[in-house]
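Colleague: Take a look at the following structure, please.
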Amino acid sequence: MLIPRPPAYRKWLYLRGFYWGFYTTLKHFTLNLLHLRKIPTIQYPEKRRERSPRFKGKHILTKKLDGSIRCTSCYLCQTACPADCIKITASEHEDPTVEKFPISFQIDLLRCVMCGYCEEACPVDAIRMGQEYEWADFSESNYIMDIDHLASRPSLKGGVISKLPT
Amino acid sequence: MSEKNIVQFEVDGKEVQAPKGENLLKVLIDQKFKVPYYCYHPGLSVAGACRMCFVEQEGVPRPMISCNMQVQEGMKIKTESENLKNIRKWNLAFHLINHPLDCPICDQAGECGLQDFYMEHGQYNSQMQEQKVLKRKVVSIGDHVMLDSERCILCSRCVRFFDEVPKTSEMAIFNRGDRSEIGTFLDRPLKNNYTLNSVNICPVGALTSKDFRFKKRVWFLKKLNSICPGCSTGCNIEVHEDPREKQVFRMLPRYNENVNGHWMCDYGAMRYEKINPKNRILTPKLKQGHELVPTDWDNAQKYFDDAMEKVGKDLYVLITPQYTVEEFEHIYATFTQKGIQNIFHTVDEKNIKDTKVIDELLMRNDKNPNSKGLLKVSAAHGLEKQNLAAFQKELETQKIKTLVVFSPADPDSDPEFMNSLKGIEAVETKIQLGTAAQYETLDFDCILPTLSFVEKAGTFINFNDVEQKIEAGAKLVEDAKAISEILC
């Protein structure tokens, strides 16, 4: 079969694109070097961006006024979770007015897609998505957060108290 | 039924046929008309307590409760109208006046009558300004039942159930007005074998099962139609399992007019524990020295095949009536093809003839689901005479070299099973196929895990020669194998 090929000089035409690209790079380099445009570069981690209060970061389990976990383990967040990252184990509470509480509440951060459905589904404001987003770590197992970490990790300074009526 | 007894009438403009004198609500439910109801249950008498099932009949000035009506020729029924909508809405509002609305912690959520009908008929904005009447919560009544009076809507299903089905009359409604409460006299525990049925028929979360309590939300559960393995009655059941967690969580009765009606016993309902992985043989095991050591299937299968080949026709087999008919057929066919005739079964002839009910309603003396099936298959091979007594005689003569035992799946069905194998130590090679971890303590050389009744499809034959199918669900124990895979 005869395949018609373009004339040989055509293959040198890529040089045009090459010079064009190189020109763009140089242009931006000089502009940014001389601060001719005010680009909002933030000097992370010395300076940090201000986040919206609706930001969806690391999950928080809120507490009642007496400091106990607010979650009633209704499993609605686990049901709503599209990534299947929440695992709750419920148990019977000594106090018959509380009746049911979680003895374990695990969130696998690596599975979590930060959609916020859990926050949305919770009928008692027990789970919220906080402001933290820096959670780089070396081991996968460290990403499975347990109930203590979710409710009273050091960065929460004693935990978040939900003031909605129970 | 003769033509004369069938009546024809109209519901919402649709022609409906039903036997004469049939309960109207039952017909409406069967024909999938959307009529809300709480107190009516097809297995119980009519109470007319909840006032939810109102319908309109042409020519009758006022709406009437359909559970208290009988079908008549030519009647014209309406199940949807502005008036009925209003009645249902306000009726539901009255039911909810003192209801605590603790759905997040209530086990009934997901299968609750209040939730279901509220989505259709609810008011959504409460107009009640009084405080709710607080009643008792978390009251234990009996081994299986937990009572929460606040959630109760006083439909009286449980009261009627204990009056009419086990006829123990243990529950009643106490006090009057909005302080009415269900309960047992002096909070005495419920003591019959049918208490879990009251949990199943409770349309709200007032009666919850202590055993199922807080273990799982019902919407995670997958349902399987099956047959109760607890005794030879063969009650139709629904197995609720979570295939992802590899656990069965409960067993509920399924309606079968000829076998169990709407009910099943507590003993049967608790049988699910025996098939969960924590009570199961998890891996094949081989004896090394004096200990059974977990091994992989290749090793175990090789040991099993070698043992079978070595002994040839002198193999002894003992079968318990806890497997399906299909499995029995496979076992008998495989062994008899090899010329092995020493196949014994443990069916107790005395138990088989004794078909009397030993508790209030359903339970029978023979605790095996498939004794009749095993007898039938063994008779087909001409080996029905070889029962446990004959086996024990052989055991005493000490001529058994190799023995294969198909052990009971449910140790409670045959508490004497361990004792009946006395003298087994003398046998050189002892192989066990089974599911129950309890029998791992017996002195066997090789243990092979097989499937439990929720993991395989098959047939059970009950005391009355009724053949009933069981459905196969997800595998709960990964290393378990079907008998047809092991024996081939």
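If you read the protein sequences in the order shown, they are chains A and B.
For the first sequence, this note's numbering puts the final residue at 166, and the numbers step up evenly by one.
For the second sequence, this note's numbering puts the final residue at 1488, and the numbers step up evenly by one.
Where a beta carbon is used, it is the ideal one built from N, C-alpha and C, also for glycine.
In this text, all values refer to a predicted model and were calculated from it rather than measured experimentally.
1) Name the residues in the region 1132-1161 of chain B whose C-beta lies less than 7 Å from a C-beta of chain A; which are they?
2) Taking C-alpha atoms, which residue in Ile1105/B, Phe1094/B, Lys1089/B lies nearest to proline 96/A?
3) Can you give me the C-alpha to C-alpha distance between tyrosine 1194/B and leucine 1252/B, rounded to a whole angstrom?
4) Using CA coordinates, which residue listed in Lys11/A, Cys81/A, Cys122/A is at the minimum distance from methionine 114/A?
5) Could you name the residues of the region 1082-1112 of chain B whose beta carbon sits closer than 7 Å to any beta carbon of chain A, in the order they occur along the chain?
6) Is arginine 1250/B close to chain A? Criterion is C-beta to C-beta, closer than 9 Å.
7) In chain order, what residues of the same chain lie with their CB nearer than 7 Å to the CB of glutamate 1384/B, ignoring the 5 residues before and after it?
8) Are the C-beta atoms of tryptophan 1297/B and some chain A residue less than 9 Å apart?
9) Does valine 1404/B come out as helix, strand or coil in the three-state DSSP assignment?
10) Pairing CB atoms from the region 1348-1357 of chain B with CB atoms from the region 1435-1447 of chain B, are three or more of them under 8 Å?
11) Would you check if the distance between the CB atom of cysteine 1452/B and the CB atom of threonine 1346/B is smaller than 9 Å?
12) Quick one, which residues of the region 1209-1225 of chain B are near chain A if we go by CB-CB under 9 Å, in chain order?
13) Apart from the five residues on each side of it in sequence, which residues of its chain come closer than 6 Å, Cβ to Cβ, to glutamine 1115/B?
14) Do proline 1264/B and asparagine 1197/B have their CB atoms nearer than 9 Å?
15) Beta-carbon separation of threonine 1429/B and proline 1449/B under 9 Å?
16) By how many angstroms is the C-alpha of alanine 1307/B removed from the C-alpha of asparagine 1342/B?
17) Within 8 Å, do at least three Cβ pairs link the region 1077-1095 of chain B to the region 1002-1019 of chain B?
18) Compute the distance between the beta-carbons of proline 1369/B and proline 1321/B, then report whether it is under 9 Å.
19) Could you give the first and the last residue of the continuous beta strand (DSSP E) run that contains threonine 1435/B?
20) Is there at least one Cβ from chain B nearer than 9 Å to glutamate 92/A's Cβ?
21) Do you know whose CA, among His1144/B, Ile1227/B, Pro1408/B, lies nearest asparagine 1279/B's CA?
22) My guess is that glutamate 132/A and lysine 58/A are in contact by the Cβ rule of under 8 Å, so how many angstroms apart are they, rounded?
23) Give the DSSP-derived three-state secondary structure of glutamine 1031/B in the structure shown.
24) Is there a C-beta anywhere in chain B that falls below 9 Å from the one on glutamate 120/A?
25) How big is the Cα-Cα spacing for arginine 1157/B and glutamate 1257/B?
26) Closer than 9 Å, CB to CB, is serine 52/A near chain B or not?
27) Tell me the rounded alpha-carbon separation between leucine 1361/B and lysine 1287/B.
28) Does proline 123/A have its Cβ less than 9 Å from a Cβ in chain B?
29) So which residues on chain B does threonine 79/A lean against when the C-beta distance must stay under 8 Å?
30) Using C-beta distances below 7 Å, list every residue in its chain close to glutamate 1485/B, excluding the 5 sequence neighbours before and after it, in chain order.
31) Which of the three DSSP states is assigned to proline 1277/B in this structure?
32) For alanine 1333/B and isoleucine 1319/B, I'd like the C-alpha separation in whole angstroms.
33) Would you give the residue range spanned by the alpha helix (DSSP H) that tyrosine 1118/B belongs to?
34) Could you spell out where the beta strand (DSSP E) holding threonine 30/A opens and where it closes?
35) Restricting to Cα atoms, I'd like to know which of Asp1143/B, Lys1089/B, Asn1098/B, Glu1467/B is closest to glutamate 1120/B.
36) Who are the near neighbours of tyrosine 1038/B in its chain, counting only those whose CB is closer than 7 Å to its CB and skipping five residues on each side?
Modeller: With the given structure in hand:
1) Lys1137, Val1138
2) Ile1105/B
3) 12 Å
4) Cys81/A
5) Pro1104, Ile1105
6) no
7) Leu1375, Ser1378
8) no
9) strand
10) no
11) Looking at the sequence shown, residue 1452/B is not cysteine but serine. Not closer than 9 Å, so no.
12) Arg1213, Phe1214, Lys1215, Lys1216, Arg1217, Trp1219, Phe1220
13) none
14) The sequence given here places methionine at residue 1264/B; proline does not occur at that position. The answer is yes: Cβ separation under 9 Å.
15) no
16) 16 Å
17) yes
18) yes
19) Premise fails: threonine 1435/B is in no beta strand (DSSP E) and is neither H nor E.
20) yes
21) Pro1408/B
22) 4 Å
23) coil
24) no
25) 20 Å
26) no
27) 45 Å
28) yes
29) Arg1217, Trp1219, Phe1220
30) none
31) helix
32) 13 Å
33) 1113-1121
34) Premise fails: threonine 30/A lies in the alpha helix (DSSP H), 14-33, not in any beta strand (DSSP E).
35) Lys1089/B
36) Cys1050, Met1052, Gly1113, Ile1153, Cys1155, Pro1203
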